[in-house]
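Have a look at the structure below before the remarks.
Residue numbers (my numbering): 330 to 473.
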């Protein structure tokens with residue numbers, strides 16, 4: 330996870346916030362889906378895919394505070410960021426509760442498939458609705 334956060338910090342201002350967010354969900358969803366849908370992979374390949382999944386997913390943590398802050402006008406910024414944080418905590422609590430339930434019901438593959446579905450739905454939602462907030466990329470779009 331440390332490697333992922335460092336990687337996220339390094340690429341944070343080099344690519345657009347929107348592209349970073351969207352690609353993070355897409356790549357993470359694909360990687361965890363591969364692990365869930367192809368259980369016969371070599372254990373070293375599985376380890377490599379899971380390590381890459383953890384690095385990519387944790388690189389997105391860099392967006393947790395700056396992106397919501399940039400989304401909201403100054404008058405409602407505190408409320409907007411607080412709402413985003415609250416929703417993320419509800420999601421984390423639901424995931425913590427559901428992981429053992431899903432694992433008990435259908436094994437690790439079911440839990441990973443549900444995780445992949447959530448990540449891919451998040452990818453689609455962000456693809457459709459996530460705005461660009463990076464100052465340098467907004468200027469480029471306005472100039473074109």
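All C-beta atoms in this analysis are idealised placements derived from N, C-alpha and C, irrespective of residue type, glycine included.
With 16 other Cβ atoms within 10 Å as the buried cut-off, status of residue 420: exposed
Exposed unless 16 or more other CB atoms sit within 10 angstroms - verdict on residue 388: buried
Residue closest to residue 462, alpha-carbon to alpha-carbon, out of 398, 334, 410 and 390: 398
At least three beta-carbon pairs within less than 8 Å, the region 342-355 to the region 438-458: yes
Contact check, residue 445 vs residue 362, beta carbons under 7 Å: yes
Distance CB(residue 440)-CB(residue 432) smaller than 7 Å: yes
Straight-line gap, residue 374 to residue 426 (C-alpha atoms, nearest Å): 29 Å
Through-space distance from residue 407 to residue 379, alpha-carbon basis: 35 Å
Environment of residue 560 [buried if 16+ CB atoms lie within 10 Å]: In the structure as shown, the chain begins at 330 and stops at 473. Residue 560 is therefore absent and cannot be evaluated.
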